[in-house]
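Quick notes on the structure that follows.
Protein chains in written order, with my numbering: chain A, 3 to 224; chain B, 9 to 240.
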């Protein structure tokens, strides 16, 4: 076995984002809105999961959804069509994440009055979105079974900043070599307070638990 | 039906990376090293694909891999264990590599090769840069590579070319991986190909399963041919 050489290649791109995040939190507090930021790699199933979750929650709380994409409007339309809730498509012109200032600008055009739960579907990316506070109360991330159980090792910040980690597409567990215990252990090592929940939007596994989790948080916020 | 509202947000970052990348590409051409920049989402199977290709590269070309990651050395270790010269590049949280970072990696790779025993000290015909798992940022930065290669795995869905268009515009080669999982997922090959070819009519598309080995030999032959063309 050879020895691995590690070369550090640094560049500082961190931007100050805290002021805008505080403004977003104030807007949310004024309206009694609970805000979750949903992040994952491309194709982990954010839109599918949110569509299923919103359908379960929409008669219990008032929901609005924001979808960020580089240029297509596929997701916001999918969510709006499937659930009937108010959905806003944000185009960020090729940027790899959404920060608090962008959230603030989007919210300025979005009446939060009467909205109990605001959901942001972030850009599919495990790197950049983790670095930017959007002003959300909770960060929720998805790790899908086909991506593999080694992702916490490779994208540690995302797992560190997420309050809830959803292991999605659990219906494909038999097909892929995914060690759930190993994944949980790696996540908890980075973030001992993470709530980890295996779910499948397809079979419904874990969806009731997720629904209760979010509902409880929304009610606590009010 | 409620219509989705669209708000355009934009931010720009200026770089002099394109010029730097061209200088690097010329240097590599001179040195007869074919650099391939491999990009994809996290978990599409970049490392597994490289391992599968090794079976067909062995004895035919001299090749190596620069593994870029934010943290961890698992990928470079995997390649080394398979007997492929490899170095791990850490970006310190950065979401992509640019030409200058790539150049730092190549230097490290060259000294890694130079440290080997005399019999193995034979240089490289083909060098892979396994970029950070990310469909957005790496697409924006020319690394100086001869070829850009991207992987789309079946579980990610057929809509990725529509959602991450730049990646599919800058790539020369698209490898659709995990085709052994086609039965488990709804993946419309025709739709995917249409979305890709609309943006990039010259895209070369391969279908493989790095796990079962299906389609890998054809991909390997193509890459060997491209390496020889570049180094001629």
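We put the beta carbon where it would ideally sit given N, CA and C, even for glycine.
With a threshold of 8 Å between beta-carbons, can residue 55 of chain A be considered close to chain B, or not?
no
Let's test the definition: count the other Cβ atoms within 10 Å of the Cβ of residue 181 of chain A and tell me whether it reaches 16, buried, or not, exposed.
A residue is called buried once 16 or more other Cβ atoms fall within 10 Å of its Cβ, and residue 181 of chain A, having fewer, is exposed.
Pairing CB atoms from the segment 144-163 of chain A with CB atoms from the segment 78-91 of chain A, are three or more of them under 8 Å?
no
Count the other C-beta atoms from every protein chain shown that fall within 10 angstroms of the C-beta of residue 91 of chain A, then say buried if there are 16 or more, exposed otherwise.
buried
Counting only Cβ-Cβ distances shorter than 8 Å, please list the residues of the segment 163-183 of chain B near chain A, keeping chain order.
163, 164, 165, 167, 168, 170, 171, 172, 173 and 174
Of all the options B:215, B:80, B:221 and B:231, which has the alpha carbon lying nearest to the alpha carbon of residue 140 of chain B?
B:80
With a threshold of 8 Å between beta carbons, is residue 143 of chain B in contact with chain A?
yes
Can you look up residue 60 of chain B in the DSSP assignment and give me helix, strand or coil?
Helix at residue 60 of chain B.
Between residue 161 of chain B and the ligand COA, is there a pair consisting of the residue's CB and a ligand heavy atom that are separated by less than 7 Å?
In the structure on display, the ligand COA does not appear, and there are no ligands present to speak of.
Nearest-angstrom Cα distance between residue 197 of chain A and residue 186 of chain A?
For residue 197 of chain A and residue 186 of chain A, the distance between alpha carbons rounds to 10 Å.
I'd like to check one pair, residue 193 of chain A with residue 214 of chain A: are the Cβ atoms closer than 8 Å?
no
Please name the residue or residues paired with residue 66 of chain A in a DSSP beta bridge.
A:88 and A:120
Grab me the residues of residue 171 of chain B's own chain with a C-beta within less than 6 Å of its C-beta, minus the 5 sequence neighbours each way, in chain order.
none
Please decide whether residue 103 of chain B counts as near chain A, where near means a Cβ-Cβ distance under 8 Å.
At least one CB of chain A lies nearer than 8 Å to the CB of residue 103 of chain B.
For residue 153 of chain B, collect the residues of the same chain with a Cβ closer than 7 Å to its Cβ; drop the 5 residues on either side in sequence, then sort them by chain order.
So the list reads 43, 44, 45 and 137, once near-sequence residues are dropped.
Check the Cβ of residue 72 of chain A against every Cβ in chain B and list those closer than 8 Å, keeping chain order.
144, 171, 172, 173 and 174
Do three or more CB pairs link the segment 106-122 of chain A to the segment 29-44 of chain A at distances below 8 Å?
yes
Taking the continuous alpha helix (DSSP H) assigned at residue 105 of chain A, which residues delimit it?
102-110
Excluding the five sequence neighbours on either side, which residues of its own chain have a C-beta within less than 7 Å of the C-beta of residue 138 of chain A, listed in chain order?
Sequence-distant Cβ neighbours of residue 138 of chain A in its own chain, meaning closer than 7 Å and more than five residues away, are 37, 38, 39 and 122.
Residues that DSSP places opposite residue 155 of chain B in a beta bridge
B:44.
For the candidate residues B:104, B:93 and B:88, whose alpha-carbon lies nearest to that of residue 119 of chain B?
B:93
Beta-carbon proximity check, residue 47 of chain A vs residue 170 of chain A, cutoff 8 Å:
yes
CA-CA distance, residue 221 of chain A and residue 208 of chain A?
20 Å
Would you mind telling me which residues of chain B sit closer than 8 Å to residue 146 of chain A, beta carbon to beta carbon, in chain order?
51 and 163
Which one or two residues does DSSP pair with residue 170 of chain A in a beta bridge?
Its beta-bridge partners are A:146.
For residue 106 of chain B and residue 200 of chain A, what's the separation of their Cα atoms in angstroms?
36 Å
Decide if the segment 53-61 of chain B is in contact with the segment 70-88 of chain B; the criterion is three or more beta carbon pairs, one per stretch, under 8 Å apart.
yes
Identify the contact partners of residue 158 of chain A in chain B, using a Cβ-Cβ distance below 9 Å as the criterion.
78, 79 and 80
Enumerate in chain order the residues of its own chain whose CB-to-CB distance from residue 12 of chain A is below 8 Å, with the five nearest sequence positions on each side excluded.
Confidence in residue 12 of chain A is poor, its pLDDT being 41 and thus under 50, which makes the residue's placement unreliable; the coordinate value appears in the next sentence. There are no such residues.
Please work out which residues of its chain come closer than 8 Å, Cβ to Cβ, to residue 208 of chain B, disregarding the five sequence neighbours upstream and downstream, and give them in chain order.
176, 177 and 179
My output table needs one value for residue 65 of chain B: the three-state DSSP class, helix, strand or coil.
Note: residue 65 of chain B maps to helix in three-state DSSP.
Backbone CA spacing between residue 61 of chain A and residue 52 of chain A [nearest angstrom]
15 Å
Starting from residue 200 of chain A and walking both ways along the beta strand (DSSP E), at which residues does that stretch end?
197-200
On the criterion of 16 or more Cβ atoms from any shown chain inside 10 Å, does residue 157 of chain B qualify as buried, or is it exposed?
buried
Mind pulling the chain A residues with CB within less than 8 Å of residue 140 of chain B?
129
Under 8 Å by beta carbon: chain B residues contacting residue 171 of chain A
Those within 8 Å of residue 171 of chain A in chain B are 163.
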